[in-house]
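In my numbering, the protein residues as written are 7 to 167.
In what follows, a structure is listed as structure tokens, so that the remarks can point back to it.
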């Protein structure tokens with residue numbers, strides 16, 4: 007898989023984001039209503055990547071930083087959003103590759119922690135995040151009061167550095 011930085015509103019990104027929204031509809035009965043703006047995923051405040059396999063877009067994800075972090079987040083956090091891999095290519099390590107690239111680029115941009123929100127009906131995502139060193143944190147964001155919401159974080163710098 008070839009990972010490329012793309013604008014959040016690039017046609018390939020839009021296609022994959024629409025697919026992940028349909029995944030949310032199937033699992034939760036509605037799409038993700040978390041407010042997002044394409045400008046939030048442009049450097050230096052954010053980044054979005056699309057993974058290509060044989061020239062076709064198959065995976066995506068991005069991070070964004072908040073100028074005024076919402077409750078539960080802190081300065082230096084990069085929030086991961088829209089992680090997705092098409093069903094036909096799951097199980098090949100593509101999500102792990104996207105996540106590693108998001109962590110690498112967030113760290114390079116000076117962020118000290120990545121945070122994310124996922125849901126109980128996404129056991130594959132939970133397994134990916136926990137096996138990648140993410141631990142539970144206080145709920146934040148649009149779904150902070152939703153019983154199905156889980157939030158995770160991972161320090162990007164080692165303690166003492």
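Glycine residues also receive a C-beta, built at the ideal position from the N, C-alpha and C atoms.
In this structure, residue 62 sits away from residue 90, with a CB-CB distance that is not shorter than 8 Å.
Just measuring C-alpha positions, the residue of 107, 30, 135 and 48 sitting nearest residue 9 is 107. CA-to-CA, the gap between residue 129 and residue 93 works out to about 14 Å.
Leaving aside the five residues that flank residue 81 on each side, the residues in its chain whose CB is nearer than 8 Å to its CB run, in chain order, 75.
Counting every other CB atom within 10 Å of its CB across the protein chains shown gives residue 31 a total below 16, marking it as exposed. In this structure, DSSP gives residue 90 an extended state, which the three-state scheme calls strand. For residue 54, the closest of 12, 120, 43 and 85 by C-alpha to C-alpha distance is 12. Residue 68 is bridged by DSSP to 54 and 87.
For the pair residue 71 and residue 86, the Cα-to-Cα distance works out to about 9 Å. The C-beta of residue 79 has 16 or more other C-beta atoms within 10 Å across all chains shown, which makes the residue buried.
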